[in-house]
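Contents: one structure, followed by commentary.
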Amino acid sequence: MKISAIILAKNEASRIDKCLESISWADEHIVIDNNSTDETIKIAKKFGARVIESSDKNFAQRRNIGLREAKGDWILYVDAD
Numbered sequence: 416m417k418i419s420a421i422i423l424a425k426n427e428a429s430r431i432d433k434c435l436e437s438i439s440w441a442d443e444h445i446v447i448d449n450n451s452t453d454e455t456i457k458i459a460k461k462f463g464a465r466v467i468e469s470s471d472k473n474f475a476q477r478r479n480i481g482l483r484e485a486k487g488d489w490i491l492y493v494d495a496d
């Protein structure tokens, strides 16, 4: 059984590393980035997360993008903070 962790993020450079460290046990890490202007994407990729950039302003649409992309049997949504 695989677990996919999905993080919705925008300008979370100061927190994304600790967030990803806290879920390092998950099988898959997906960051749905909403037009960050800081180092969020770079840091997430450094930690091995798959980053999907989405400019959808709707929270539910971004969550659903993560759900469609996830390959795990179980989905865990995580806030970066």
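Here the sequence shown is numbered in my numbering, starting from 416 and rising by one per residue.
C-beta atoms are modelled at their ideal positions from N, C-alpha and C, and glycine is treated no differently.
Here the structure is a predicted model, which means the values were calculated and not measured.
Rounding to the nearest angstrom, what Cα-Cα distance links residue i and residue j in this structure?
i, j, result
"S451", "M416", "32 Å"
"E484", "I438", "18 Å"
"D496", "C434", "7 Å"
"I480", "E436", "23 Å"
"D494", "K472", "17 Å"
Looking at C-alpha atoms only, which residue of the options is the closest neighbour of residue i?
i, options, result
"L423", "S469, K461, K457 and I458", "S469"
"D488", "I431, E436, A441 and C434", "A441"
"R430", "F462, S419 and N473", "F462"
"E454", "I445, D432 and S419", "D432"
"E427", "Q476, I447 and I490", "I447"
"A475", "S419, H444 and N449", "N449"
Considering residue i, what are the terminal residues of the beta strand (DSSP E) in which it resides?
i, result
"D494", "W489 to D494"
For this session: Mind listing, in chain order, the continuous alpha helix (DSSP H) runs of no fewer than 4 residues lying wholly within the region 422-479?
Result: 431-437 and 455-461, all fully within the region 422-479.
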